[in-house]
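Protein sequence lines correspond, in order, to chains A and B.
My numbering runs 3 ahead of the 1-based position in the first sequence.
My numbering runs 700 ahead of the 1-based position in the second sequence.
To start, the structure itself, in structure tokens.
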Amino acid sequence: MSEIIVITSGKGGVGKTTTTANIGVGLAMRGNRVALIDTDTGLRNLDLLLGLENRIMYDLVDVTSGRVKFNKALVRHKKYDTLYLLPTSQVKDKSAVNPEQLVELCKEMQKDFDFIIIDCPAGIEQGFKTAIAAADCAIVVTMPEISAVRDADKIIGELGRADKENIKLIVNRIRPQMVENGDMLDMEDINEILSIDCIGQVPDDEMVVTATNRGEPVIAMKDSTAGKAYKNIVGRLCGERIPFYKPPKEGFFAKLKKLFGMF
Amino acid sequence: MLDIIMKVFGKAEKKSGKIAKERLQVVLIHDRASVSPEIMEQLKNDIIAVISKYMVINKNDMEISLANDDESVALVANIPVNSLRHKI
Chain A
4 MSEIIVITSG KGGVGKTTTT ANIGVGLAMR GNRVALIDTD TGLRNLDLLL GLENRIMYDL
64 VDVTSGRVKF NKALVRHKKY DTLYLLPTSQ VKDKSAVNPE QLVELCKEMQ KDFDFIIIDC
124 PAGIEQGFKT AIAAADCAIV VTMPEISAVR DADKIIGELG RADKENIKLI VNRIRPQMVE
184 NGDMLDMEDI NEILSIDCIG QVPDDEMVVT ATNRGEPVIA MKDSTAGKAY KNIVGRLCGE
244 RIPFYKPPKE GFFAKLKKLF GMF
Chain B
701 MLDIIMKVFG KAEKKSGKIA KERLQVVLIH DRASVSPEIM EQLKNDIIAV ISKYMVINKN
761 DMEISLANDD ESVALVANIP VNSLRHKI
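Structural data, given as structure tokens:
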């Protein structure tokens, strides 16, 4: 029996799809059989992040409408052979799949996979409701920025109304230097504001961009700080206790040092 | 010079991270307490039903609303009572 996880955020552009790709690859690197389902219908992107854009034959809408079986639409990853993608349609819109169809599909897929990870569209409309319907666990991705945190709070409220109790938080694109200077919310601040369990903080890392350019998730890159953070997240998802790195906040001595630096 | 001394002792202007946190805490109190007009109407009808068991109230002049201040939210009801019901 597999675990079904939805990756959601409310606000667009905080890194839902990047998170989905990296967690998927990370779980597959540990030998798990993983299916990633892109439900951002009309705005297909997960295929690009995984470098699978040229291998798509069928999509989610073909499966939910009964045209083909799901295993015919799944695209196997070139490098991680226990990782599969069910891409979504680029021509249909978000109403093309309804919650019942996705629940039914996940139920069917469960026997073949250890993890099913659903990439949710931005917003709180129908597409969001469809994406969360089948999930046992929700991961909310946010950024240390007020509008992203506010939207995350809204999403957490919506998940609660949909009786999703297992909710975890990832704070993406943290800039440690700014946190150190007191100019950015840190994981603890956001944790305190939203009061849900945090399973990861991912630093803003240029290697995410280069990785995306190449279609190879950053978790596979040895020297990447973001990749390391995603590895820790995958470990925590698998039940390991991995301590969080705490960037130091600016204290008296740091201020003093800075002052002398000025002269 | 005074400015620099103030900075050393942490009395300088508030850091933007702290400002963000405080603004968020306030806005979320309001967001979390916001209720749709339909639910407000249902709540009003339920309150009328309960109070009407004990009192005759003026339904037309009653007001129910959520009042926000910076740190808390209150449900404020102003319900004019015409008379009490003595036999229940």
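Beta carbons: idealized from backbone N, C-alpha and C, even for Gly.
As the structure is a computational prediction, the values presented were derived from the model and not from experiment.
Got a sec, what are the start and stop residues for the alpha helix (DSSP H) residue i sits in?
i                : result
Tyr233 (chain A) : 228 to 240
Leu197 (chain A) : 190 to 197
Met783 (chain B) : Before going further, note that residue 783 (chain B) is Ser rather than Met in the sequence given. Looking at the DSSP string, Ser783 (chain B) is not in any alpha helix (DSSP H); the run it does join, the beta strand (DSSP E), is 781 to 784.
Ile748 (chain B) : 737 to 752
Val64 (chain A)  : 63 to 67
Ile59 (chain A)  : Premise fails: Ile59 (chain A) is in no alpha helix (DSSP H) and is neither H nor E.
Val726 (chain B) : 716 to 733
Leu53 (chain A)  : Premise fails: Leu53 (chain A) is in no alpha helix (DSSP H) and is neither H nor E.
Val28 (chain A)  : 19 to 32
Across which residues does DSSP place residue i in a beta bridge pair?
i                : result
Thr145 (chain A) : A:Val174
Gly126 (chain A) : Bridge partners of Gly126 (chain A): none, in fact.
Ala99 (chain A)  : In the DSSP output, where bridge partners are listed per residue, Ala99 (chain A) has none listed.
Leu86 (chain A)  : A:Val37
Ile7 (chain A)   : A:Ile119
Pro206 (chain A) : A:Ile177
Asp154 (chain A) : DSSP output for Asp154 (chain A) lists no bridge partner at all.
Lys109 (chain A) : Sequence inspection shows Cys at residue 109 (chain A); the Lys mentioned does not correspond to that position. Partner(s): none; Cys109 (chain A) has no beta bridge.
Arg79 (chain A)  : A:Tyr87
Asp200 (chain A) : A:Lys171
Report, in whole angstroms, the separation of the C-beta atoms of residue i and residue j, which I expect to be a contact under 8 Å.
i                : j                : result
Thr23 (chain A)  : Val100 (chain A) : That pair is no contact at about 17 Å.
Ile159 (chain A) : Ile149 (chain A) : Actually they are not in contact, since the Cβ atoms of Ile159 (chain A) and Ile149 (chain A) sit about 16 Å apart, beyond 8 Å.
Lys75 (chain A)  : Tyr61 (chain A)  : 6 Å
Ile7 (chain A)   : Asp200 (chain A) : Not quite, the Cβ-Cβ distance comes to about 18 Å (not below 8 Å), so this is no contact.
Ile272 (chain A) : Ile127 (chain A) : In the structure as shown, chain A begins at 4 and stops at 266. Residue 272 (chain A) is therefore absent and cannot be evaluated.
Arg36 (chain A)  : Asp117 (chain A) : 5 Å
Ala151 (chain A) : Val17 (chain A)  : 5 Å
Leu63 (chain A)  : Pro102 (chain A) : 13 Å between Cβ atoms; not a contact.
Less than 7 Å between CB atoms is the rule here; does residue i satisfy it with respect to chain A?
i                : result
Lys744 (chain B) : no
Ser736 (chain B) : no
Ala733 (chain B) : no
Leu728 (chain B) : yes
Leu784 (chain B) : no
Leu724 (chain B) : yes
Ala767 (chain B) : no
Ser772 (chain B) : no
Ser752 (chain B) : no
Lys759 (chain B) : no
Ala777 (chain B) : no
Ala720 (chain B) : yes
Compute the Euclidean distance between the alpha carbons of residue i and residue j, then round it to the nearest angstrom.
i                : j                : result
Val727 (chain B) : Lys231 (chain A) : 34 Å
Phe266 (chain A) : Thr44 (chain A)  : Only weak support exists for where Phe266 (chain A) lies, its pLDDT of 48 falling under 50; the value from the coordinates is given anyway. So the two alpha carbons sit approximately 57 Å from each other.
Ile59 (chain A)  : Glu195 (chain A) : 42 Å
Thr213 (chain A) : Asp226 (chain A) : 13 Å
Val781 (chain B) : Pro124 (chain A) : 51 Å
Ala777 (chain B) : Ala767 (chain B) : 10 Å
Ile135 (chain A) : Leu784 (chain B) : 50 Å
Ala141 (chain A) : Asn758 (chain B) : 47 Å
Ser98 (chain A)  : Val66 (chain A)  : 15 Å
Leu46 (chain A)  : Gly15 (chain A)  : 12 Å
Val211 (chain A) : Pro220 (chain A) : 8 Å
Pro147 (chain A) : Ile751 (chain B) : 47 Å
Gly69 (chain A)  : Leu108 (chain A) : 10 Å
Thr1 (chain A)   : Lys95 (chain A)  : Not covered by the structure: residue 1 (chain A). The range shown for chain A is 4 to 266.
Ser716 (chain B) : Glu111 (chain A) : 49 Å
Val182 (chain A) : Asp50 (chain A)  : 33 Å
Asn760 (chain B) : Ala155 (chain A) : 39 Å
Leu52 (chain A)  : Gln204 (chain A) : 20 Å
Val106 (chain A) : Lys714 (chain B) : 49 Å
Ser734 (chain B) : Lys157 (chain A) : 11 Å
Asp186 (chain A) : Glu741 (chain B) : 43 Å
Lys132 (chain A) : Tyr754 (chain B) : 43 Å
Could one say the Cβ of residue i lies closer than 7 Å to chain B's Cβ atoms, at least one of them?
i                : result
Val205 (chain A) : no
Met187 (chain A) : yes
Ile196 (chain A) : yes
Val152 (chain A) : yes
Asp192 (chain A) : yes
Phe266 (chain A) : Confidence at Phe266 (chain A) is low in this model, with a pLDDT of 48, below 50, so the placement of that residue should be treated as unreliable; the coordinate-derived value is given next. So no, Phe266 (chain A) is outside the interface.
In the DSSP assignment, find the beta strand (DSSP E) that holds residue i and state where it starts and stops.
i                : result
Ile245 (chain A) : Here Ile245 (chain A) belongs to no beta strand (DSSP E), and DSSP marks it neither H nor E.
Asn768 (chain B) : 763 to 768
Leu775 (chain B) : 773 to 778
Met755 (chain B) : 755 to 757
At a CB distance below 9 Å, what residues from the region 139 to 165 of chain A approach chain D? Give them in sequence order. No chain D appears in this structure, whose protein chains are A and B.
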